[in-house]
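S.K.: Heads up: the sequence shown runs through residues 1 to 287, numbered per our numbering. Ideal Cβ placement from N, Cα and C applies to all residues, glycine included.
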Amino acid sequence: MTAERINGKQIVAELREQISHEVGSLTAEGIRPGLAVILVGDDAASAVYVRNKAKACEQVGIHSEVHRLPAETTQEELLQWIERLNRNDEIHGILVQLPLPKHIDEDAVIDAISPLKDVDCFHPVNVGNLMIGKPSLLPCTPAGVIEILRRTGTEIAGKHAVVVGRSNIVGKPMAMLLLREHATVTICHSRTPDMEAITRQADILVVGVGRAQMIKANHIKPGAVVIDVGINRLESGQLVGDVDYEDAATVASKITPVPGCVGPMTITMLLANTVQAARAASGKGSL
Ligand code: NDP
Numbered sequence: 001m002t003a004e005r006i007n008g009k010q011i012v013a014e015l016r017e018q019i020s021h022e023v024g025s026l027t028a029e030g031i032r033p034g035l036a037v038i039l040v041g042d043d044a045a046s047a048v049y050v051r052n053k054a055k056a057c058e059q060v061g062i063h064s065e066v067h068r069l070p071a072e073t074t075q076e077e078l079l080q081w082i083e084r085l086n087r088n089d090e091i092h093g094i095l096v097q098l099p100l101p102k103h104i105d106e107d108a109v110i111d112a113i114s115p116l117k118d119v120d121c122f123h124p125v126n127v128g129n130l131m132i133g134k135p136s137l138l139p140c141t142p143a144g145v146i147e148i149l150r151r152t153g154t155e156i157a158g159k160h161a162v163v164v165g166r167s168n169i170v171g172k173p174m175a176m177l178l179l180r181e182h183a184t185v186t187i188c189h190s191r192t193p194d195m196e197a198i199t200r201q202a203d204i205l206v207v208g209v210g211r212a213q214m215i216k217a218n219h220i221k222p223g224a225v226v227i228d229v230g231i232n233r234l235e236s237g238q239l240v241g242d243v244d245y246e247d248a249a250t251v252a253s254k255i256t257p258v259p260g261c262v263g264p265m266t267i268t269m270l271l272a273n274t275v276q277a278a279r280a281a282s283g284k285g286s287l
């Protein structure tokens, strides 16, 4: 079997087109969605992520502003920036690019962002709402994965979904969203013995581990749908996922490529969250 390569580019283009229309009609009503991104320090990878996010905003007509602060910015100064943005009516989404310099407490920063503007969905209030199924902004990477599954016609309800990785950004919210879609969910992590025996039961396998090409054909049930969240750079400079694409494609029915699928989808969900937050702030919609 050779798996269908999920066409991330097409899915992303369709969604961004839709978002662009929504931004157009909101702007015509006098509500231009706005995203503020704060970047502290000069981490090269973070700078690239931030640039890509700003570019994506521009493409769909979202107002974006990037505040580049020096590495020696104090926690107090950063909290003051967030407070100003919380009060700014033209800004509907606030994103502080992680990781932050070591002298700043990430939790304190996340807690300071208004949950209504928390487009990353890292704030404990939004994480809690996700857990109990209350409407809220949804975390971008896992929400993007659900959208990919929907748009590829993958049935989730009643299926066994296995998530490899249990981080607060990927694994845990991913499992929650799959559960919300009525999958039976198993989470694997670094202490899971005989992981292969579990991943081989998955109808849907989502991998977010940060280990290049760790998941091989022998981890995959024939016909499974495989979603690779991982982004790893090999010494050669090549970007690869956590799944060995060529090997896995011999067994899976559908598989996402890296790069070009979950990464751009994550940014697209950030745009969607900003629009949703703008709608909610203007009383034209809810979270
Ligand atoms: P973390 O390092 O925070 O979490 C990694 C998880 O993988 C942990 O739960 C860890 O388990 C688990 N793990 C590590 N080694 C193994 C192993 N050998 N077997 C099973 N589980 C293991 O990473 P993130 O969740 O932040 O990111 C994961 C990957 O996703 C990275 O490649 C990252 O670059 C990528 N990513 C991509 C995004 C995108 O937009 N496409 C967005 C965010 C992340 P334990 O908890 O036991 O330590």
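Taking contact to mean 3 or more Cβ pairs, one atom from each stretch, closer than 8 Å, check whether the segment 207-225 and the segment 117-135 are in contact.
M.R.: no
S.K.: Could you tell me the alpha carbon to alpha carbon distance between L234 and G241, rounded to whole angstroms?
M.R.: Mapped onto the sequence shown, residue 234 falls at position 234. Mapped onto the sequence shown, residue 241 falls at position 241. Whole-angstrom Cα-Cα distance: 10 Å.
S.K.: Note down the Cα distance separating C261 from M1, rounded to an integer number of angstroms.
M.R.: Your numbering for residue 261 matches position 261 in the sequence shown. Your numbering for residue 1 matches position 1 in the sequence shown. Using only the alpha carbons, I get a separation of about 21 Å.
S.K.: In terms of residue numbering, what span does the alpha helix (DSSP H) encompassing D107 cover?
M.R.: Here residue 107 corresponds to residue number 107 of the sequence shown, with the count starting at 1. In this chain, the alpha helix (DSSP H) harbouring D107 covers 106-112.
S.K.: For the ligand NDP, is there any heavy atom lying closer than 7 Å to the beta carbon of M269?
M.R.: To locate residue 269, count along the sequence shown from 1; it is residue 269. Answer for M269: no, Cβ out of range of the ligand NDP.
S.K.: Check whether the Cβ of R211 sits closer than 7 Å to any heavy atom of the ligand NDP, and report yes or no.
M.R.: On the sequence shown, residue 211 is found 211 positions in, with the first residue counted as 1. Yes, the beta carbon of R211 sits closer than 7 Å to at least one heavy atom of the ligand NDP.
S.K.: Are the beta-carbon atoms of A183 and A224 separated by less than 8 Å?
M.R.: Translated into positions along the sequence shown, residue 183 becomes position 183. Translated into positions along the sequence shown, residue 224 becomes position 224. In this structure, A224 does not lie closer than 8 Å to A183 by Cβ.
S.K.: Just the Cα atoms here: how many angstroms apart are A272 and L239?
M.R.: Residue mapping note: residue 272 aligns to position 272 of the sequence shown, counting from 1. Residue mapping note: residue 239 aligns to position 239 of the sequence shown, counting from 1. Computed Cα separation, rounded: 26 Å.
S.K.: Per DSSP, L69 forms a beta bridge with which residues?
M.R.: By one-based count along the sequence shown, residue 69 stands at place 69. Answer by DSSP bridge pairing, in chain order: V40.
S.K.: So is I132 buried or exposed if we call it buried at 16+ other beta carbons inside 10 Å?
M.R.: Along the sequence shown, one-based indexing puts residue 132 at 132. It counts as exposed.
S.K.: Would you list the residues sitting across from C188 in a DSSP beta bridge?
M.R.: As a first step, residue 188 must be located in the sequence shown, where it is residue number 188. BP columns for C188 point to V164.
S.K.: Spatial neighbours of I220 within its chain, please: C-beta separation below 8 Å, excluding the five flanking residues on both sides.
M.R.: On the sequence shown, residue 220 is found 220 positions in, with the first residue counted as 1. Contacts found: T199, R200, A202, L205, V226, A248, V251, A252.
S.K.: Are the beta-carbon atoms belonging to A71 and D42 less than 8 Å from one another?
M.R.: Looking up residue 71 in the sequence shown gives position 71. Looking up residue 42 in the sequence shown gives position 42. Yes.
S.K.: What runs of the alpha helix (DSSP H), each 4 residues or longer, lie entirely inside the segment 85-160?
M.R.: 106-112, 124-132, 140-151
S.K.: What residue from A175, S64, T268 has the CA that sits closest to H189's CA?
M.R.: Residue numbering aside, residue 189 sits at position 189 when the sequence shown is read from its first letter. When each option's Cα is compared against that of H189, the closest is A175.
S.K.: Does the CB of K53 have a neighbour CB from chain B at under 8 Å?
M.R.: The structure shown has no chain B; it contains just one protein chain.
S.K.: Does the distance from the CB of T266 to the CB of T152 come in under 8 Å?
M.R.: Looking up residue 266 in the sequence shown gives position 266. Looking up residue 152 in the sequence shown gives position 152. Not in contact: T266 and T152 (Cβ atoms no closer than 8 Å).
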